Each structure stands twice: as C-alpha cells, then as structure tokens.
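Here the numbering used here is used: the first residue of the sequence shown is 16, the next is one more, and so on.
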Amino acid sequence: MPRHRYQSTGRGSHVADWERTQPPRVWKTQARLLLIVLLSLVTWAALPATLCLTVMLLLDPTPEIKQWALISMVSLVVGLVAGILISSTAKCSLCHSTPFLQNSHRKHQLANDVPLLTYRASAIVHLLLRGRFRCMYCSTPYRIGPRSSKAVQE
C-alpha cells in the first residue's frame, strides 16, 4: 500500500500518519518563547519557595526570613502575571490560537500531554527538554533554532 494512505493498524485514531510525522516549523518569535519559558521557571521555583518561607515566617518571624518571603512573593506574582500577559501574545502561525495560554477549546489528540501537568506546562517541559513542542489546538510541531538552509535558498 502507498505511504500516503492511512493504514488501519488497530489504533482506532482519526489522526493520519502524515500528521504524526510532519517536520517541525521554526517558531517566529523565539525571544518571546524563551521569555515565556523563563517566566514559567521563575513561577514554578517561586511557588514552593513562597509556601516554605511563609510557613517559616509564621513559625519564627526574623527580619531575614521576612525579606526572603517578600522577594519570593513578588517574584511569584511578577512571573505569573508577566508570563500570562506574554503568553497571550504568542500565537500559532497555523491556527492563530495561543498554545501557551490554555482555553476551554478542545485539545488535539497529538498535543503534548505529560501526566499530572497541564497542556501549557507539558509544552514548556517538552520545549525545555527537546527544543520542540506541539500546539495544543492544531498539533502543529514547532522547534527553536535557526531556519533550515533549504528555506533560506528558496
């Protein structure tokens, strides 16, 4: 059977094989994408630090713990608010949705989905570990890096 036809292998999936194997596109605004990842990391690190320092502040209020608790709370709020604002401006070039801002829309079957994490957090983890991610709404694969030499020649 030709490669372009979908072969039923018992998966029972509506997703075609070509969709699973399409090459990743280069994300256009990579600096914004890296800023979203950085702010997410700041938020993820500041949340447990804020919780721990708040408990320590309630048990033993010293001036240095107050200072560290304030710094962690400010970094948590700034990282969360700035991350959401910047994520709302990052749009998928194919479906024009926001792949780093979760909506109530239906998620694609091939979207990055790590157990116990949201689709946004899963995409950020895949981006950190592999340098690529999929849009959670249309499953378009994206990567970080320079454009291919093939695209530059055209």
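Think of the CB as a built atom: it goes at the ideal place given N, C-alpha and C, for glycine as much as any other residue.
None of these values were measured; they are calculated from a predicted model.
Residue burial classification, residue i (beta-carbon count within 10 angstroms, cutoff 16)
i    : result
W42  : buried
P17  : For P17, the predicted model reports a pLDDT of 49, less than 50, meaning its position is unreliable; a value from the coordinates is still stated below. P17 should be labelled exposed.
G160 : exposed
T65  : buried
L131 : exposed
H19  : Residue placement at H19 cannot be trusted, given a pLDDT of 46 that sits under 50; the coordinates are not used to answer.
L142 : buried
L49  : exposed
V167 : Since pLDDT at V167 reaches only 46, below the 50 mark, its modelled position is unreliable, and no value is offered.
T113 : buried
S137 : buried
Reference residue i; option with closest CA among the options
i    : options                : result
A61  : A46, L85 and P78       : L85
Q117 : Y134, T104 and L142    : Y134
A46  : T104, P76, V70 and V93 : T104
L53  : A64, G94 and R158      : G94
I139 : S102, P76 and T77      : S102
C153 : S119, L144 and H111    : H111
8 Å contact criterion, which residue i and residue j should meet: CB distance rounded
i   : j    : result
I51 : F115 : 5 Å
L72 : K81  : 6 Å
Contact under 7 Å by Cβ, residue i with residue j
i    : j    : result
L68  : S87  : yes
V122 : M151 : The sequence given here places Lys at residue 122; Val does not occur at that position. Contact: yes.
T155 : L109 : yes
R162 : G146 : no
Mind the definition here: the segment 87 to 106 touches the segment 46 to 59 only if three or more C-beta pairs lie below 8 Å; say whether that holds.
-> Yes, they touch.
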